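Asker: First to last, the protein sequences are chains A and B. Okay, so the first sequence: first residue is 1 according to the numbering used here, each after it adds one. Okay, so the second sequence: first residue is 244 according to the numbering used here, each after it adds one. Cβ atoms here follow ideal geometry from the backbone N, Cα and C, with glycine treated the same way. All values reported here derive from a predicted model rather than from experimental measurement. Got a structure here, written out as structure tokens. Questions coming.
2 protein chains.
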Amino acid sequence: MANPTAAMLVIGDEILSGRTHDTNSNFLARELTKHGIGLREIRVVSDHQPAIVAGLNALREAYDNVFTSGGIGPTHDDITADAIAAAFGVHIDIRQDAYDILAEHYAASGAVFNEARQRMARIPDGATLIDNPITAAPGFTIGNVHVMAGVPNVFQAMVASVIPTLTGGDPVLSQTLRINRGEGEIAGPLGELAKDYPELSIGSYPFAHEGSYGANIVIRGIDAGQIDRAMARLAALFPEVGG
Amino acid sequence: MANPTAAMLVIGDEILSGRTHDTNSNFLARELTKHGIGLREIRVVSDHQPAIVAGLNALREAYDNVFTSGGIGPTHDDITADAIAAAFGVHIDIRQDAYDILAEHYAASGAVFNEARQRMARIPDGATLIDNPITAAPGFTIGNVHVMAGVPNVFQAMVASVIPTLTGGDPVLSQTLRINRGEGEIAGPLGELAKDYPELSIGSYPFAHEGSYGANIVIRGIDAGQIDRAMARLAALFPEVGG
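Dropping the structure here:
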């Protein structure tokens with residue numbers, strides 16, 4: 001059976017303006033790869049309800065799992081939870097279990113559990129909470145959608161909570177060979193090799209740095225023996241490789 | 244009139260597997276912001292023709308400009324040019340002007356202009372070439388779509404060629420105030436301020452680092468005087484701010 005699939009929806013004007021560099025999607029990509037879940041698409045959309053709803057509905061229909069990041073804090077521009085409820089057509093309000101987690105957190109810290117902070121207890125009906133060991137405010141899972149914070153260390157902690165609960169697939173293995181020749185020189189034989197191994201993904205990633213240049217050839221698949229055989233043929237094709 | 248809009252389509256399995264961290268979209272976001280073009284959406288899709296075609300057709304319909312990165316090199320996994328031709332329903336083949344640019348480049352470098360390298364002269368009918376001052380192989384513009392390389396320095400050079408040819412808008416200006424209080428504490432007054440300035444975008448970006456925490460409040464808009472006034476009110480609301 002094919003490995004399960006996933007998509008990510010990154011929510012935030014700050015990514016689209018270039019102010020903030022999204023690192024969450026790269027973290028998620030690596031974690032999913034280890035777990036045998038294929039990340040097939042990433043979308044970044046603005047803090048605008050119709051954009052979030054349209055992106056989310058397209059992705060949750062097309063893929064087995066969807067992960068979102070951003071927009072679940074206490075400020076006026078944090079509109080993700082309400083947008084998710086709208087996308088699913090369900091009611092949203094402050095929920096007691098989330099409220100209790102936050103109330104306990106703020107009581108312990110001595111900070112006031114005011115109206116803005118209470119907004120973080122707004123959870124769509126039918127969702128289950130995702131633990132946030134860093135700043136308490138929970139994420140949530142609804143249907144096949146996992147809604148998580150945008151702050152990277154909180155996002156990472158939430159991913160760590162969620163991934164073990166998902167059906168994984170065969171881990172995708174990879175081997176890389178660095179070839180110190182131009183891509184145009186190796187492309188012909190490499191294409192032939194790729195044709196002989198249709199179940200493997202063979203990618204060529206050129207580099208050029210301080211006068212040295214070449215390509216890293218990455219062979220990915222789930223059958224270690226097959227990768228070994230393809231890699232041996234690749235090394236034989238280009239015997240003078242470095243690294 | 245509203246500023247022109249844009250979207251980006253990043254093409255590449257290496258981004259989705261987590262092997263490579265996409266930096267092109269952040270570069271493009273900053274350049275577009277300077278030029279008054281609003282980047283509204285980013286999608287990352289795999290090296291798979293149906294995924295590229297579907298993503299491209301959705302974006303070119305919805306936004307004024309679309310920028311793609313990746314998949315225009317000489318190897319078997321570089322399928323972008325053919326996918327773009329398929330999306331537009333036009334013929335694609337080696338084109339003389341692109342061929343001549345590449346032939347001259349390889350003649351000068353002494354490398355063989357072989358079949359794989361000639362593939363980089365495949366240009367969809369009706370496209371105009373985008374200059375590549377780094378490695379010669381051109382990008383191209385077709386309709387409202389600008390097709391560019393994935394290697395960051397080549398991508399950046401192509402963006403520099405394309406942006407001056409586009410209709411820009413009013414540059415989006417921004418000011419940032421760092422407030423050393425928790426987001427939950429400032430969210431109430433900040434939300435009121437945002438309501439009073441519906442034409443400005445007011446974002447709150449929390450940080451926490453080695454025991455200090457707070458939020459950077461970013462006010463964006465095209466009217467400098469309005470931003471100044473909103474920023475003055477913000478500073479008055481939270482008089483003890485740092486930095």
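1. Less than 8 Å between the CB atoms is what I'm expecting for S404/B and I373/B, so what's the real figure, rounded?
2. Along the segment 65-79 of chain A, what residues have a CB closer than 9 Å to any CB found in chain B?
3. With a floor of 4 residues, list each alpha helix (DSSP H) that falls wholly inside the segment 334-373 of chain B, ordered by position along the chain.
4. Three or more C-beta pairs closer than 8 Å, one from the segment 392-406 of chain B and one from the segment 252-272 of chain B: is that the case here?
5. Take L416/B as the anchor and find which of G70/A, R19/A, T5/A has the nearest alpha-carbon.
6. Taking only beta-carbon atoms, is E199/A less than 9 Å away from chain B?
7. What does the Cβ neighbour count give for F238/A, buried or exposed, with the cut at 16 atoms within 10 Å?
8. Listed from N- to C-terminal order along the chain, which residues in the segment 370-383 of chain B have their beta-carbon within a distance smaller than 7 Å of any beta-carbon of chain A?
9. Exposed or buried, what is H146/A when buried is set at 16 or more other beta-carbons lying within 10 Å of its beta-carbon?
10. Note down, in chain order, all residues in the segment 461-478 of chain B with a beta-carbon under 8 Å from any beta-carbon belonging to chain A.
11. Could you pull the start and end residues of the alpha helix (DSSP H) that R273/B belongs to?
12. Measure the C-alpha to C-alpha separation of H334/B and T176/A and round it to an integer number of angstroms.
13. Give the residues of chain B in contact with H21/A, contact being defined as C-beta atoms less than 7 Å apart.
14. Assuming I364/B and A341/B are in contact, meaning their beta carbons sit under 8 Å apart, how far apart are those beta carbons, in whole angstroms?
15. Hey, does V90/A have any beta-carbon neighbour from chain B nearer than 9 Å?
16. Is the Cβ of G431/B closer than 9 Å to any Cβ of chain A?
17. Go ahead and pull the three-state DSSP assignment for E284/B.
18. Identify which residue in F140/A, G55/A, A7/A, S46/A has its Cα closest to the Cα of D40/A.
19. Using DSSP with H/G/I as helix, E/B as strand and the rest coil, what is V405/B?
20. Would you kindly report the start and end of the unbroken beta strand (DSSP E) that includes V309/B?
21. Could you check if I37/A is buried or exposed, using at least 16 other CB atoms within 10 Å of its CB as the buried criterion?
22. I385/B to Q339/B, Cα distance in whole Å?
23. Apply the 10 Å Cβ neighbour rule to D228/A and answer buried if 16 or more other Cβ atoms are within range, or exposed otherwise.
24. According to DSSP, simplified to helix, strand and coil, what is A137/A?
25. Out of E61/A, D93/A, Q226/A, which has the shortest C-alpha to C-alpha gap to P198/A?
26. Report the option in V66/A, A224/A, T128/A whose CA atom is closest to the CA atom of P171/A.
27. Report the start-end ranges of each alpha helix (DSSP H) in the segment 148-199 of chain A that is 4 residues or longer and not cut off at the edges.
28. Look at the Cβ atom of T318/B, then the Cβ atom of S204/A, and state whether they are nearer than 9 Å.
29. State the DSSP-derived secondary structure class of G464/B, mapped to helix, strand or coil.
30. So for N375/B, helix, strand or coil by DSSP?
31. Does N246/B get closer than 9 Å to chain A when you measure Cβ to Cβ?
32. List, in chain order, every chain A residue whose beta-carbon is nearer than 9 Å to that of V296/B.
33. Hey, how far is the Cα of R424/B from the Cα of L252/B?
Answerer: Taking the definition as stated:
1. 6 Å
2. Cβ contacts with chain B come from G73, P74, T75, H76, D77, D78.
3. 339-352, 358-361
4. yes
5. R19/A
6. no
7. Buried is the call here.
8. none
9. buried
10. Of all residues in the segment 461-478 of chain B, V461, R463 have a Cβ within less than 8 Å of some Cβ in chain A.
11. 267-277
12. 35 Å
13. N269
14. Reading off the sequence, residue 364/B comes out as Ala, not Ile. About 4 Å; that satisfies the 8 Å criterion.
15. no
16. Under the Cβ criterion of 9 Å, G431/B is counted among the residues facing chain A.
17. When secondary structure is reduced to three states using DSSP, E284/B falls in the strand class.
18. Strictly speaking, residue 40/A in this sequence is Arg, with Asp absent from that position. When only C-alpha atoms are compared, the closest one is A7/A.
19. helix
20. 308-312
21. buried
22. 17 Å
23. exposed
24. coil
25. Q226/A
26. A224/A
27. 152-162, 183-196
28. yes
29. Strand, per DSSP.
30. Secondary structure at N375/B: coil, using DSSP grouped into helix, strand and coil.
31. no
32. In chain order: nothing, as chain A lies at least about 13 Å away.
33. 38 Å
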